[in-house]
Structures are given as C-alpha cells and as structure tokens.
Amino acid sequence: MFRPRLQKAQGDRQSMQADAPQVLSDRGDHEQATHLDAVRLMPPLTYGSGSTVGPEAVPETTDPPGDRRPDLGLNLGLRLMFKRKETRIDLKDARRRSRVKWLRESRNVFIEGSDAAAFEQFEAALGIVESAPVGRTLLDCIDATATLKRQRVDVFLDGHLLGVIPHVQKDADNGKGTGSELHCNFSVAQSPGVSSADRLKSDAAVLFHELVHVFHNLLGERIRVAPNDAQNPLWPALLHEEARTVGLGSFSQEALSENAFRHQIGLARRPHYSHDAAIIYDDDTAVVRMQRRRLLP
1 MFRPRLQKAQ
11 GDRQSMQADA
21 PQVLSDRGDH
31 EQATHLDAVR
41 LMPPLTYGSG
51 STVGPEAVPE
61 TTDPPGDRRP
71 DLGLNLGLRL
81 MFKRKETRID
91 LKDARRRSRV
101 KWLRESRNVF
111 IEGSDAAAFE
121 QFEAALGIVE
131 SAPVGRTLLD
141 CIDATATLKR
151 QRVDVFLDGH
161 LLGVIPHVQK
171 DADNGKGTGS
181 ELHCNFSVAQ
191 SPGVSSADRL
201 KSDAAVLFHE
211 LVHVFHNLLG
221 ERIRVAPNDA
231 QNPLWPALLH
241 EEARTVGLGS
251 FSQEALSENA
261 FRHQIGLARR
271 PHYSHDAAII
281 YDDDTAVVRM
291 QRRRLLP
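Heads up: the sequence shown begins at 1 in the UniProt record's numbering, then just goes up one per residue.
Here it is in structure tokens:
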C-alpha cells in the first residue's frame, strides 16, 4: 500500500536533482557540478566566537544578540545550507579579468581551487601586495627568477594549509633553486575581532611573507640550519629563515621582508615570530625549550 507513495517520492527527488542549478568548475574541461549536500551542511549550532580554521569550520551566526531566536529545525538547516553553499568559478576567466596585473600576466603561476570567495580573498590580498613598491619588486623578482630557471609557483586556495612547500627540498637551500607550492588558507592566521580593513591588510602581510619564502626557494637561498646532533638540535631547522623573512634583528635591513612591507602599507612592525615551539625576537635572540639564546654568534 506504500509503494505508490515511495515511487512518487523517488520521482520528486530525481526531478529536484534534475532542476538543480548547474555551475562550472574551474577545471579546464569545465565539468558540470552541484553542491547540494544538505546533510553535510547541517552541523550542530553554536553561538558566540568559534574557530574558523579548516575546511569543516561552521560559520558563526550573524544575528544580533537581541534577535537570537530558538530557530531550530528545518528552517535553520536550510539557512545554513545556503550560507555554506560554495560558489564555483572559472579560474581562467577570473584571471583574465583580474585587476591584479600579476594574476593576468604571469605565466609561471598556476592556481588550483574552485571557491569564488577563496579566489577573491587571494586576489584582494595580492592586489595590496602589488600596490606597494616592495610588493611589486618581490612579484617581479619571483616572475623573472621563475622564468630564468624554468620553475613554477603552484597556488592552492581550497585546502586547510597555510605555508610554502618547495618542489625539491634540497634545491631550496643549495643554491640551485626550485619552485614551490603556496598554500593559502588565510583563516589559519586570522585573529578574532579584527575589522574588515585591517583583516585585508593582515591577509596581504601573510601573503607577502609566504611569497618571500617562495622567492628564497627559487634562488636556492632558504636558510636551513643543519644540527651537529640530529637527535638534539639546538635550533629548529628553519628558525633563521623565518627571522630573515620577517626582517628581525640582524635581518631588519633585508630589502624584501615582511616588516618592510608592513611599513609601506601602514601596519605595525612585527617584533617577534613563533615557529616550531620557538619564539624569535627582534634583538637576535630566541626562546627554544624554555631557554633564551642568541640566534647569531
């Protein structure tokens, strides 16, 4: 007696799937795709501040405190579903129309990603980098060096990582040089309570920092400290590389450093940097395993 009703429900579901809006992916073959996985997009609700790091993070409610209502059930689930719905873009077309010259013209930069919001955030941060003299110099140096050495920079926008991975680890610090993967999940470095304008500049500073690593890898000049005792190293291997990239202590006069960029866009100087359970300071010292030591002799 329930068979006709079941068949009707299945038919309705197929009809809804057929009528769902189709969107282009960013891949070269422009496959059709949809993102209507309502079950995955209905996590438990929380109010107040929460972490936004990682691909499964739940967006916070935007309702003012006075308007919070016990909106539980289907209506809330649907609202979250459409809030979390990912808008996909054609990356080739987006780069062609970008206001950022480096995105439009560089033949050494390859971007992987499908989320329009992630691309727009990357584009906005890169636009600020390109607007500063030291930023334009860095981008020009990366492009020229990558062209000369026939290397590439692969940018990943949709992952949960933030950082740079050399294509060939040994070539990043032996003078030969190598291309890199640049992973750009800005939420890893974001602090709560920051205004939109400050967050945009903060994203740009984060991106500039990672692009300096990309340039060091291309040159083969990444600073890597090899320990005398591999079982008990005195320093994290890349601690000095971070000091140079930020522009701390003896590296404060580096022409291409995060602090030089911060000065040009009106952000406060960065006085220290945390890396691998160590903290580097602006006076050529670092705290490692609860001991303060001099970075340089």
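By construction, the Cβ of each residue, glycine as well, lies at the ideal position given by its N, Cα and C atoms.
C-beta atoms of residue i and residue j nearer than 7 Å
i: Phe-110; j: Asp-154; result: yes
i: Asp-173; j: Arg-224; result: yes
i: Asp-143; j: Asn-108; result: yes
i: Lys-201; j: Leu-157; result: no
i: Arg-244; j: Asn-259; result: no
i: Val-206; j: Ala-189; result: yes
i: Pro-227; j: Pro-236; result: no
i: Ala-117; j: Ile-89; result: no
i: Ala-286; j: Leu-295; result: yes
Exposed unless 16 or more other CB atoms sit within 10 angstroms - verdict on residue i
i: Ala-255; result: exposed
i: Gln-231; result: exposed
i: Gly-220; result: buried
i: Leu-239; result: buried
i: Thr-145; result: buried
i: Val-194; result: exposed
i: Pro-166; result: buried
i: Asp-203; result: buried
i: Gly-113; result: buried
i: Leu-162; result: buried
i: Leu-148; result: exposed
i: Ser-257; result: buried
Member of the options whose CA lies at the smallest distance from the CA of residue i
i: Leu-182; options: Ser-191, Leu-218, Val-225; result: Leu-218
i: Trp-102; options: Arg-88, Lys-92, Leu-139; result: Leu-139
i: Arg-99; options: Arg-88, Ala-146, Ala-124, Ala-118; result: Ala-124
i: Ala-277; options: Pro-271, Arg-270, Val-288; result: Val-288
i: Thr-87; options: Arg-104, Glu-120, Ser-106, Arg-293; result: Glu-120
i: Glu-242; options: Phe-261, Leu-148, Arg-199, His-272; result: His-272
i: His-216; options: Ala-226, Ala-116, Lys-170, Trp-235; result: Lys-170
i: Gln-151; options: Gly-159, His-160, Val-168; result: Val-168
i: Cys-141; options: Ser-191, Ser-196, Ser-106, Ser-187; result: Ser-106
i: Arg-222; options: Asp-229, Gly-175, His-263, Ser-196; result: Gly-175
i: Asp-198; options: Arg-262, His-160, Gly-159, Gln-253; result: Arg-262
Simplified DSSP state of residue i, which is helix, strand or coil
i: Pro-133; result: helix
i: Gln-291; result: strand
i: Leu-296; result: coil
i: Ile-142; result: helix
i: Val-214; result: helix
i: Gly-249; result: helix
i: Ala-226; result: coil
i: Ser-191; result: coil
i: Ile-165; result: strand
i: Val-109; result: strand
i: Val-100; result: coil
i: Leu-182; result: strand
i: Ala-277; result: coil
i: Arg-152; result: coil
i: His-240; result: helix
Any C-beta of chain B under 7 Å from that of residue i
i: Glu-210; result: The structure shown has no chain B; it contains just one protein chain.
Pairs of beta-carbons, one from the segment 168 to 180 and one from the segment 128 to 136, closer than 8 Å: are there three or more? no
Pairing CB atoms from the segment 203 to 215 with CB atoms from the segment 112 to 130, are three or more of them under 8 Å? Contact between the segment 203 to 215 and the segment 112 to 130 is present: three or more C-beta pairs spanning the two stretches fall below 8 Å.
Closer than 8 Å is the cut-off here; do at least three beta carbon pairs connect the segment 262 to 282 with the segment 241 to 252? yes
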